[in-house]
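Residue numbers (the working numbering), protein chains in the order written: chain A, 1 to 496; chain B, 1001 to 1171; chain C, 2001 to 2479; chain D, 3001 to 3104; chain E, 4001 to 4652. All remarks here apply to the structure that follows.
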């Protein structure tokens, strides 16, 4: 089982896509590629679980380490732990769903799928990397496809949004880059500077360096995960993007940031993480609460979901900032859950938009009558968003809260209370939106004749839904998967 | 104050005066003539230092070549008689002040520096020595620069021909 | 005049030979069959490039440096590598100028001047003394300035040439003054003697050094000595612009680095700071000035200014940090590919349509898919976006820049990458996203142009991934 | 000879240098700009000769430098004048201020 | 059948029904899905009854006659830490057993009833699947072994309630009501959640038994939780009050009651099931579940429960007197009765003094029967009249005799008429209140009188008073009535069964089964204590008869006399408006726009400003590039001088 497959498959898919002649071929190639990827990811997940059951207790499995730039001590070092596996599964699912919902892209189909696949390559590569350079490489790899996807196939103020997104993400990666280089030059493993994650975790950089590098790394990755106040690319970007791109953006790409915050910033600079913890918590609390209030004011479905993503990703940051094992597990769960849920939500919104040609909440109504399947999906995604038990959001948020509550400081408690309160606000805006769009009388005559989901859309939705339910109804497998990883991170934090 | 000192001051005055007039005179042709004076003054300085060969080259190339070229080009372009446009006031002021400051700076630094002469006998500057070294490849040989300069002159020639040749007019 | 001599002087000798071949061809062949001549010239240049790799001096005897002409000329493996890079770039430039030359008349003159300039650059790289240094610098500059004028009918062309030659003459003169001061205080013009006689803290020497520094900085268009760049880039014929951007910049960055490191290491403490300030303002100004630029060539000019700033970061690692110069050479190779890919397209489009504004490129993708992708790849490489090689190059430069703990510099450089991305993306946006009523028609790409683009794109996509290239270059600097 | 030291020459050359610079910065006529360049180069030449004479008479470095400088100056002047003439043909002006069609 | 299998099946079957009907049934057997659901429910109910019987009479008692807490099964569902985890399990103890009987039974009744009531609905299968989902959630809730499990099902009943209220989703008022119900309870649940977090943090467990044990026995945990505090209130009190907040939200206690009347927008059987008999008593159940902690460690919290309960009870009774929508009257009456249960818990002690506890659950039980009956009866009336409003009714006793009889029985039961179920439970509650707190007692007494009054006001207005003219409006309706008569048997049977139970359930010796500590509670009946409330009830009924027995102007005259009170009560004392003001105006109308404004203008503004600033900088810098070569030289020269100065003087 070679992890490189995860990067290789999308790469090969991209190659095949380039040489496809018709749009049909392109679509099927992309679809087959993504399904193969999902298969690989699932296989890996089971294999990983088996290995762990069999008593394999290395921190990272399937490690591979190849020298890349010898004189800089840069390696192509990959490996996964449970957290990475979870993220890879998420990515694979969202990619398949994203390919499926893009079935109707007619304009520059080949380029569309090419970029989509390229984007996924970045995500996979990021999650499997154990070398900071490799990681950064993949992180930036995913920026430009987003720009083009939004710019070419987007809607609304797409140029503005695409540019803003690309620049802000670039800003994020610039900050990350600064942090990485600072860490690199202050690392000393056997007399050499290194980017190796494992080596760095075993030889922590000194306190002063941590203090300098941490803000850069955390804020840099924070931009990716739409942390307040770096979140403004998200609403515009999400809303202008084509459906699949929105799904990718919110479902995967924001997770890159969260994962990076955890894996790089907190894991490698644990002392600074503790030192800055209160700031992180503060920012997270603001993001959560403020994001949900900002959502309340939105009229556009995609904006609603985008702002709610800001709020939800606040939970991720909150979980990370709390620095307790449960909270970290919760943060990762929230990443997975939010990825699936928001992908589903965007998929539903996109499909509805394709049919109604509007995303304005006020211009829709009573869609449950005409498109029951899509409406149900919409409602379920909404319910997941507001943290209904049985759907993934609940398990994740509860874990975050539970973990957060283990921090006895009053400000942490208040932040958690704010978080709990925000789920009420979430309920308000979700129900307002779905109450208007899905329920109530049909407001637009044209909407009486629209048709329900096609096979590809159903498949995409069901795929995501199954995953959401799998986490929501039986979260223990996910926590089992994640716990060793978060335990490692906790060990790093507690070992001062 | 010996005669040579006086001669030096006279030469220096010609050089500097010519230069100042060359860069301030409103008439372009006069400017060129002042430049000529200045260059001759410099040649005189070389003479004064017993660098006759250099002085000769200075006169031949500069006075006989470059200044003539310049004067030709003046005739080719603007004509010799008319006044040139006044320089831009602000920039002149700024340039003047900057040059003054620069001069003070350099002067200050030069004054504070000690120059250490080597205690070795002079090799002299006869044409013979120069010629021998010019084409020598061994120690103190200047063959390579000589070749490079020849390439440079070739290139300059080609450039000048291509660019300035008259047949190339528009269309 | 032994074998070693020819082996060492080979690049220059071949170039000189070529110049004379072209001269003879010009004189002999009055009919000027352009097509044949171009073919001939390109083949010769390819041979020249290939020749750079064969029959190289034998360094195995522990000899790391070859010295000729009483220290006026020296060569090292690194220099031969650099010359090879420049030779290669020359081939690509020749390829991309095919269309333009095919219609013009001064084909052989173009080649003669270009090669003269190249010759000057080679001598400059190999110079071991200030006289050679200054002479070859002039040889490198003056023909290029003349080349700028080669679009004889286009009013912008002589203006560019004028700006180029006047500014560079001024800069050279300043530099020359600096050389006199160094000469006056050290009594030598040979680098080896100068090094021995330099005294840290001597104000006159420092002043002389600053004058020389400024002269070089001018050639590299560091801010505030950069203002000629954009005008000259815009006015010159695109192949000449390419030569200016790639050959000239490429040479001078090497020269700059080696001069500062080998001749003036005693002033390191000072020029390090000077360089740091220069880099910061160069990167920032270059990028910010490009932000609102509508002319693609000017945009590339400003971008090249900023790129020079990034390149110089490789020097900030100090003399002990071997990855710094490696990164410089490495990035230079990448920069050759990226810029030439870009210039290939710009040259083509400008040649066919006379359009070089970004707004003209709106909807370019509708008719010219492959060209658009070439532009995109090239721009991403310039912006330092993976998977293009530019990412790796820039990353290592930034790394080198921070090697001595100059985190402010690092921060400024990194944040400037956002600005640079903005204007690169503006071009990408115009090409891919914007719609236009009258997009540029489908452009037929000639074989040589296509080859250039293919080579460049392949280079851009491959060099980064292959750590071997970096290690190969690094081998030259690891002693 | 004894009264006139190196510094006298240096003062002359420095003044000449800055006069040249001043001329280059202010003269609007392209040809006079070129003339200013020649002044600067000459200032450098004086430096070389003076240094050679006073400090390092054992070698001819400065002398040769001056010789080659003169050649360079000639080459530069030739090309520059060609360009100026070409520019004049197209613009009918040799005012440097007019050569600003490319800007911003 | 083992207990664990039975208790897996009890929530499992309804859930299976939900899946079956929503995924398959909707498409393949929409007409038969009602029957399928009902059969499944019947099976569930049967299993539940058998299990409960088994528990109470065979397995439940330990040797010393105390009912045990038995964990039928328990699985770790979501582990948080080594000790903290959400478990899924089933706990057998008297109150959970009581609840599963009530839930499955009422649910079965409603299933049967709906066969007739909902016949011909377009989304018939969906309706039944929702009922299944609700029943499943409710059963999961009552069986919970773990405080977080209860929260999970708490949320699930919330959402099924949401779905069922919004069943007529094309009716805007239904949508609004469903949203309101969900959001208000959600708000309360947020408190509940924080309460859980607090309690579980200090006790290190979420298991009920362990938690109760740790918080009632003196120990490190108890010390920690009582000494830690925030704003001068101990963490235990905070935790319990917040948990109670959740309960109050679900049970529609003042001031979180506003959703309940609106929830009547749902189909009437749903109201009977969810908003009368089962879900709304979850709050009572929750407090009952944690009762030992309330009673033994935190009497302050218990007092709060008591006062909120009694106030809600009275408040609702007053409002109920003025409402004209029959379902709303019933809703307020529900609120009032739950208030009863709540303060009964509030005044109760633990163990020996646990009369209130027993009474509360007794009332819960009887109330479930007669309130379900009332709703279903009202449903029958509405089914017949096609209106919810009393004004459209009157004199219906001739038209629908069965309904009339059972409705009367239910009214008597709720009014505490001797011999009917409500009488017994209410007497117990009043006794308990009398023993502990006179203020509460007198309030409760007044409420009892009001209850009798408004119930009979309802009864008389529907079945007596003016004669019924059905066919005022159009002929279409007339045809309808002609066809279906009173109600189909599927609706009548549940009514009759419930009517019987409304009488019979009061005669059970409840105290021997349910008590605060598990040991049997001996309750005594005091005639002296019963006399006052019964008398009051008679008087109230008489007044009602006087006012509404025949159509007359007395009600309006009284209304004008006590105009202020009447207006206030009619408008529910403007609580809704206050809420609207706070939420719409202040929270969403003030903070929302501010957040949006900040986002758009400050956070995003900074980003855009940076963009604009760089363009401006660019424009400014570009002025340098003015095309004049001498200017460029000036820059070069200045740069030179600058560097010379820096180098020579500073950085030598």
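Backbone N, C-alpha and C fix where the C-beta goes; we use that ideal spot for every residue, glycine too.
- Leaving aside the five residues that flank residue 2004/C on each side, the residues in its chain whose CB is nearer than 7 Å to its CB run, in chain order, 2057, 2066.
- By the neighbour-count criterion, in which a residue is buried when 16 or more other Cβ atoms sit within 10 angstroms of its Cβ, residue 1111/B is exposed.
- Shown here, residue 2190/C sits in a strand according to DSSP, grouped into three states.
- Contacts between residue 1121/B and chain D, judged by CB atoms closer than 9 Å, involve 3057, 3058 in chain order.
- By the CB criterion at 7 Å, residue 1037/B and residue 3004/D fall outside the cutoff.
- Per DSSP, residue 4111/E has no beta-bridge partner at all.
- Here residue 2134/C has 2172, 2175, 2176, 2179 as same chain residues with Cβ atoms under 8 Å from its own Cβ, once five neighbours each way along the sequence are excluded.
- Sequence-distant partners of residue 101/A (beyond 5 residues in either direction) whose C-beta falls short of 8 Å from its own C-beta, in its chain, are 243, 244, 247, 347, 350, 351, 456, 457, 460.
- Between the C-alpha atoms of residue 4186/E and residue 4249/E there is a straight-line separation of about 8 Å.
- For residue 2130/C, the enclosing alpha helix (DSSP H) has its first and last residue at 2130-2148.
- The residues 4316, 4319, 4320, in chain order, have a CB closer than 6 Å to that of residue 4332/E in the same chain once the five nearest residues on each side in sequence are set aside.
- When secondary structure is reduced to three states using DSSP, residue 2/A falls in the coil class, being assigned neither helix nor strand.
- Shown here, residue 65/A sits in a strand according to DSSP, grouped into three states.
- Take the alpha-carbon of residue 4294/E and the one of residue 4111/E: they are about 36 Å apart.
- Under the DSSP assignment, residue 153/A falls outside any beta strand (DSSP E), being part of the alpha helix (DSSP H) whose first and last residues are 143-153.
- Residue 166/A belongs to the set of residues whose beta carbon lies under 7 Å from a beta carbon in chain C.
- In the DSSP assignment, residue 4085/E falls outside any alpha helix (DSSP H) and lies within the beta strand (DSSP E) extending over 4085-4092.
- Rounded to whole angstroms, the gap between the alpha carbons of residue 4191/E and residue 409/A is 19 Å.
- Under the three-state reduction of DSSP, residue 208/A is assigned to helix.
- DSSP lists 189/A as the bridge partner or partners of residue 192/A.
- Counting only runs of 4 or more residues that sit fully inside the region 4026-4109 of chain E, the alpha helix (DSSP H) segments are 4033-4053, in chain order.
- Judged by beta-carbon spacing, residue 4517/E lies beyond the 7 Å limit of residue 4288/E, meaning their Cβ atoms are not closer than that value.
- Of the residues assessed, residue 233/A falls on the buried side of the cut-off, its CB having 16 or more other CB atoms within 10 angstroms.
- Residues 1053 of the same chain have their beta carbon placed closer than 6 Å to that of residue 1127/B, with the five preceding and five following residues left out of the count.
- According to the DSSP assignment, residue 2074/C belongs to no alpha helix (DSSP H) but to the beta strand (DSSP E) extending over 2073-2075.
- Secondary structure note for residue 75/A: its beta strand (DSSP E) is the uninterrupted segment 74-80.
- Counting along the chain, residue 2068/C sits inside the beta strand (DSSP E) bounded by residues 2066-2068.
- In this structure the region 3052-3065 of chain D does not touch the region 1093-1106 of chain B; the number of beta carbon pairs closer than 8 Å is below three.
- Under the Cβ distance rule, residue 1065/B counts among the residues neighbouring chain D, one pair being separated by less than 7 Å.
- Contact between residue 2100/C and residue 2237/C is confirmed by a C-beta separation of about 6 Å, below the 8 Å threshold.
- Proximity of residue 1084/B to chain C, defined by a Cβ-Cβ separation below 7 Å, is not satisfied.
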